[in-house]
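Have a look at the structure below before the remarks.
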Amino acid sequence: MNRSALTALLGSAIAHATVLSFWSASAPLTPPEIPLASHVEAILLHEAQNAGETTHESSPSAGSMPATLEAELRKEIEQLTRTTAMLEAQLAKMSQQKAADERQYAAKIESLRSDRVTAERAAHDLAFELSGSLIRNQSLTEANAQLAANLEHSENAARRAEDQLGINDGLILSLENTIVEAHIERTRLMKSQQRLTEEVESWAVKNSAARSENQSLRMTVVKQAVALADARTEKEQLRSHVETLTHQTAQLEIDIAALEDLLRAEAQAASASQMSAVTGNAIADVQPLPVAGNPKPVYPRLAIKQGIEGDVALNVRVSESGHVAQVSIMSPSGSTLLDNAAVESVRTWRFTPAYRDGRPSETVTTVPIQFRLVDARG
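Note that the sequence shown covers residues 2 to 379 in the numbering used here.
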């Protein structure tokens, strides 16, 4: 024990002896009125109070201690020493417990801090997940709205389709009736086809017999065809000769008619010139006529190769000087080749001028053109 502890023990012993010697009625002191040297003195005072002892200030009249009191004092000191040792052991145990508790509390605090960091991270993750969930929820809401709109559109389309199906029920019934009628017609046609097949087989048998007979007839026809070809050749030669003569006759008639028209025109012109002195402007009209030497129309080679013939009638506008002002087709031949050849040829012709009231005038006349293969071959 240290010095302060011994001093406290001695003070306590003196106080106890004073109590035993002077059992007087002095007032007890409260713990704050006793000067304590250390925490141990306070503990000793507390133990003494629990044992029912009360300390008093020592009396200056006590001169010595009896032997009994000294023995009791020693016993008391020993008891106090044991109590002090016990209290110090309890204090050490409490200090160890406090240190253990502090370590435990520090570990718990560290664990709580770690849990707090984990919780903060979890809260951050939850906040991030919540934000993502809100975004996904918004996307799902928009998708749901779109799906609702699509569903409404689909329902409207379904209703329209149902209405259309209702309208088409009559058409479907009509088509079903048509299909039934078609099946009936198909059955009838199949029967007819079977009957025709049988007839064809019968005709095939008959045709086989007729084919042999036809073979012999074919030989006869070949012989007749040879004879007919010879006759046709002779006939074609005669026809060519006749066409040549006919064309020559027609050309002569045209030339004669042209000469007659020319002579008539000259006679009329002479008569008009003779009568002009007597009758003034009262002169008969004179129609234009082609002059001699106009080129004949060129027969197109392609038309000759294709064996095309025809007659073309042209409307020719003749100027006052007898030149051709315009040519148009009045009656086509049926072949563009012949029509174009006739127009190109007549455009270069010259005519005797037409006269009206004794003066040359522009007029329209008709010119016939004939295309004959006989002329082309000649």
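Quick reminder that beta carbons are idealized off the backbone N, C-alpha and C, glycines included.
Given a threshold of 16 other Cβ atoms within 10 Å of its Cβ, counted over all protein chains shown, does residue i qualify as buried or as exposed?
{"i": "Tyr106", "result": "exposed"}
{"i": "Phe129", "result": "exposed"}
{"i": "Ser203", "result": "exposed"}
{"i": "Ala355", "result": "buried"}
{"i": "Ser334", "result": "buried"}
{"i": "Leu290", "result": "buried"}
{"i": "Glu77", "result": "buried"}
{"i": "Leu148", "result": "exposed"}
{"i": "Leu166", "result": "exposed"}
{"i": "Leu81", "result": "buried"}
{"i": "Val313", "result": "buried"}
{"i": "Val201", "result": "exposed"}
{"i": "Leu152", "result": "exposed"}
{"i": "Ala124", "result": "exposed"}
{"i": "Ala343", "result": "buried"}
{"i": "Leu135", "result": "exposed"}
{"i": "Thr353", "result": "buried"}
{"i": "Thr364", "result": "buried"}
{"i": "Ala150", "result": "exposed"}
{"i": "Val118", "result": "exposed"}
{"i": "Glu58", "result": "Because Glu58 carries a pLDDT of 43, less than 50, the predicted location of this residue cannot be relied on, and the following value inherits that uncertainty. Classification for Glu58: exposed."}
{"i": "Ala1", "result": "With the chain covering 2 to 379 only, the question about residue 1 has no answer from this structure."}
{"i": "Asn315", "result": "One detail in the question is off: residue 315 reads as Leu in this sequence, not Asn. With 16 or more Cβ atoms within 10 Å of its Cβ, Leu315 is classed as buried."}
Please report the distance separating the alpha-carbon of residue i from that of residue j.
{"i": "Ala63", "j": "Glu89", "result": "Residue placement at Ala63 is flagged as unreliable, the pLDDT there being 44, under the threshold of 50; a coordinate-derived value is accordingly withheld."}
{"i": "Glu321", "j": "Asn341", "result": "25 angstroms"}
{"i": "Ala144", "j": "Leu127", "result": "24 angstroms"}
{"i": "Leu113", "j": "Ala120", "result": "10 angstroms"}
{"i": "Asn146", "j": "Ser132", "result": "Looking at the sequence shown, residue 146 is not Asn but Ala. Distance between the alpha carbons of Ala146 and Ser132 is about 21 angstroms."}
{"i": "Pro361", "j": "Val292", "result": "16 angstroms"}
{"i": "Arg357", "j": "Ala377", "result": "39 angstroms"}
{"i": "Glu310", "j": "Gln216", "result": "40 angstroms"}
{"i": "Met87", "j": "Met95", "result": "12 angstroms"}
{"i": "Arg196", "j": "Ala205", "result": "14 angstroms"}
{"i": "Ala108", "j": "Leu141", "result": "47 angstroms"}
{"i": "Thr1", "j": "Glu111", "result": "Residue 1 is absent from the model: the chain starts at 2 and stops at 379."}
{"i": "Arg161", "j": "Ser175", "result": "22 angstroms"}
{"i": "Ala100", "j": "Ser115", "result": "22 angstroms"}
{"i": "Leu338", "j": "Val325", "result": "21 angstroms"}
{"i": "Glu345", "j": "Ile370", "result": "12 angstroms"}
{"i": "Leu74", "j": "Gln97", "result": "33 angstroms"}
{"i": "Ala183", "j": "Asp164", "result": "29 angstroms"}
{"i": "Arg351", "j": "Arg318", "result": "11 angstroms"}
{"i": "Leu218", "j": "Arg212", "result": "10 angstroms"}
{"i": "Ser329", "j": "Arg373", "result": "21 angstroms"}
{"i": "Lys207", "j": "Glu186", "result": "31 angstroms"}
{"i": "Arg302", "j": "Thr366", "result": "29 angstroms"}
{"i": "Gly359", "j": "Val299", "result": "36 angstroms"}
{"i": "Gln194", "j": "Ala210", "result": "24 angstroms"}
{"i": "Asp102", "j": "Ala93", "result": "14 angstroms"}
{"i": "Thr198", "j": "Val181", "result": "25 angstroms"}
{"i": "Val1", "j": "Arg348", "result": "The shown model of the chain, from 2 to 379, leaves out residue 1, and the question about it has no answer."}
{"i": "Asp308", "j": "Thr179", "result": "Residue 308 is actually Gly in this sequence, not Asp. Those two C-alpha atoms are separated by around 55 angstroms."}
{"i": "Asp170", "j": "Lys192", "result": "33 angstroms"}
{"i": "Ala72", "j": "Arg104", "result": "47 angstroms"}
{"i": "Glu214", "j": "Met220", "result": "10 angstroms"}
{"i": "Val41", "j": "Thr69", "result": "Residue placement at Val41 is flagged as unreliable, the pLDDT there being 49, under the threshold of 50; the coordinate-derived value follows with that caveat. Those two C-alpha atoms are separated by around 27 angstroms."}
{"i": "Gly294", "j": "Ser332", "result": "25 angstroms"}
{"i": "Val368", "j": "Val287", "result": "16 angstroms"}
Between which two residues does the alpha helix (DSSP H) carrying residue i extend?
{"i": "Thr337", "result": "337–347"}
{"i": "Arg378", "result": "374–378"}
Got a sec, what are the start and stop residues for the beta strand (DSSP E) residue i sits in?
{"i": "Pro361", "result": "360–362"}
{"i": "Ser329", "result": "325–332"}
{"i": "Arg351", "result": "That residue, Arg351, is in no beta strand (DSSP E); it is neither H nor E in DSSP."}
Does the distance between the C-beta of residue i and the nearest non-hydrogen atom of the ligand GTP fall short of 8 angstroms?
{"i": "Ile309", "result": "In terms of ligand content, the structure shown is empty, and the ligand GTP therefore cannot be addressed."}
At what residue ranges does the stretch 285–313 contain a whole run of the alpha helix (DSSP H), taking only runs of 4 or more? 302–307
4 or more residues per run - each alpha helix (DSSP H) lying fully within the stretch 134–206: None, since the stretch 134–206 contains no complete alpha helix (DSSP H) of that length.
Of all the beta strand (DSSP E) runs that stay within the bounds of the stretch 104–136, which reach a length of 3 or more residues? none
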